[in-house]
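In what follows, a structure is listed as structure tokens, so that the remarks can point back to it.
What follows is the structure, given as structure tokens:
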């Protein structure tokens, strides 16, 4: 259960964000939003598994989508308390309904999560055959809606840059996590990992280019990287992302060829993937903290 074990690492990245940005952020809503981000990324990866010649478990899809729905509701509830100036336990159903219906990103995430849960129920309990790629498409919509809801709206290019950045990161992290959950045996990894590895550089390129351009549109000069909480989190995210790319490049040279020759056991492959996923979880936690911190 290395993917589930990554949740504390995800929150460790958020904790680093808080330490770097205090007292400027991140906002309290970052806690449930971070969990929602993590599980939505995994759901997206599970939905895209057929693209690397693997099949996901409908049970896993339903479980992660259910957690996504709950985390989204909690996030909306905390946001309601923040907007109304009330304690979390003092929020009324009316206040919650007003904020939920006015928050487009949370409504989109909630609807897509519920649709994915419905897909899992249909797949498990009926003979209805809806392609699992529909899950990937729905999850991508939810991830995209949340990504462009924050600071991306501060300029015209923001939604496009942050949206592409978020989808590329979700593909990379989510698909690798889904492979850990679903791919079994040397032959399974020999089929899936090389396909993933051939496509990963494109995702890394999109992440790097859009991340740099988006950062330049958000920060007010180079000094802001050191003098603002947002800037310090951004620097930490860049450093961790660079470390992740370095590990991924090493794996591409050593791990992937060994898998292709069937010289890597399933356990060794999962262990290597877990290293990348741990770094990815920290980066996602920092990204969640960044989105909940004012530039």
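Numbering (the numbering used here), first residue to last: 1 to 295.
For glycine and all other residues, C-beta sits at the position ideal for the given N, C-alpha and C.
#1: In the structure shown, what three-state DSSP assignment does residue 92 receive?
#2: Contact between the region 107-118 and the region 260-270: three or more CB pairs below 8 Å?
#3: Going by C-alpha distance, which of 205, 188 and 191 is nearest residue 166?
#4: Going by DSSP, what residue range makes up the alpha helix (DSSP H) through residue 27?
#5: Taking one C-beta from the region 167-179 and one from the region 275-284 each time, how about it: are there three or more such pairs within less than 8 Å?
#6: Please list, in chain order, all residues of the same chain as residue 95 whose beta carbon is under 7 Å from its beta carbon, the five residues on each side excluded.
#7: For residue 108, which residues from the same chain have a beta carbon less than 7 Å from its beta carbon, with the 5 sequence-adjacent residues on both sides left out?
#8: Consult DSSP for residue 39 and reduce its assignment to one of helix, strand or coil.
#9: Three or more beta-carbon pairs under 8 Å between the region 66-77 and the region 194-203, yes or no?
#10: Could you name the residues of the same chain whose beta carbon sits closer than 8 Å to that of residue 130, not counting the 5 residues immediately before and after it, in chain order?
#11: So, are the CB atoms of residue 276 and residue 161 less than 8 Å apart?
#12: So what's residue 120 in DSSP terms, helix, strand or just coil?
#13: Secondary structure at residue 266, three-state DSSP: helix, strand or coil?
#14: What distance in whole Å lies between the Cβ atoms of residue 45 and residue 164, which are believed to be in contact at a cut-off of 8 Å?
#15: To which residues of the same chain is residue 174 closer than 6 Å at the C-beta, ignoring the five residues directly before and after it?
#16: Do residue 183 and residue 192 have their C-beta atoms within less than 8 Å of each other?
#17: Alpha carbon to alpha carbon, how far is residue 39 from residue 52? Give it in angstroms, no decimals.
#18: Do residue 68 and residue 36 have their C-beta atoms within less than 8 Å of each other?
#19: So is residue 92 buried or exposed if we call it buried at 16+ other beta carbons inside 10 Å?
#20: Hey, would you say the C-beta of residue 274 is under 7 Å away from at least one heavy atom of the ligand FMN?
Reading from the atomic positions:
#1: Against the chain shown, residue 92 aligns to sequence position 92. In the structure shown, residue 92 sits in coil (DSSP, three-state: anything other than H, G, I, E or B).
#2: No contact exists between the region 107-118 and the region 260-270.
#3: As a first step, residue 166 must be located in the chain shown, where it is residue number 166. Per the Cα distances, 205.
#4: For the purposes of this step, residue 27 is identified with residue 27 of the chain shown, where counting begins at 1. Careful: residue 27 lies outside any alpha helix (DSSP H) and carries neither H nor E.
#5: Below 8 Å, enough C-beta pairs join the region 167-179 and the region 275-284 to call them touching: three or more.
#6: Within the chain shown, the letter at position 95 stands for residue 95. Non-local C-beta neighbours of residue 95 in its own chain, meaning closer than 7 Å and more than five positions away in sequence, comprise 80 and 84, ordered along the chain.
#7: Locating residue 108 in the chain shown gives position 108, counting from the first residue. Scanning its chain for C-beta atoms nearer than 7 Å, with the 5 sequence neighbours on each side dropped, one finds around residue 108 the residues 141, 142 and 145, in chain order.
#8: Residue 39 sits at position 39 when you count from the first residue of the chain shown. Of the three classes helix, strand and coil, the one that applies to residue 39 here is helix, per DSSP.
#9: These segments do not touch.
#10: Numbered from 1 along the chain shown, position 130 holds the residue referred to as residue 130. The residues are 119, 122 and 123.
#11: Taking the first residue of the chain shown as 1, we reach residue 276 at position 276. Taking the first residue of the chain shown as 1, we reach residue 161 at position 161. No.
#12: Locating residue 120 in the chain shown gives position 120, where the first residue counts as 1. Here residue 120 sits in helix by DSSP.
#13: Here residue 266 is taken as the residue at index 266 of the chain shown, counted from 1. It is helical.
#14: Working through the chain shown from its first residue, we reach residue 164 at position 164. Working through the chain shown from its first residue, we reach residue 45 at position 45. Their Cβ separation, rounded to whole angstroms, is 17 Å, which puts residue 164 and residue 45 out of contact at 8 Å.
#15: As a working note, residue 174 is residue 174 in the chain shown. In chain order, 41, 42, 44 and 45 place their CB closer than 6 Å to the CB of residue 174, counting only its own chain and leaving out the 5 sequence neighbours on each side.
#16: Within the chain shown, the letter at position 183 stands for residue 183. Within the chain shown, the letter at position 192 stands for residue 192. Result yes, Cβ atoms of residue 183 and residue 192 sit closer than 8 Å.
#17: For the purposes of this step, residue 52 is taken as the residue at position 52 of the chain shown. For the purposes of this step, residue 39 is taken as the residue at position 39 of the chain shown. Cα-Cα distance, rounded: 20 Å.
#18: As a working note, residue 68 is residue 68 in the chain shown. As a working note, residue 36 is residue 36 in the chain shown. In this structure, residue 68 places its C-beta atom within 8 Å of the C-beta atom of residue 36.
#19: Taking the chain shown and counting its residues from 1, the one referred to as residue 92 is at position 92. The residue in question, residue 92, is exposed, as its Cβ has fewer than 16 Cβ neighbours within 10 Å.
#20: The ligand FMN is not part of this structure, which contains no ligands at all.
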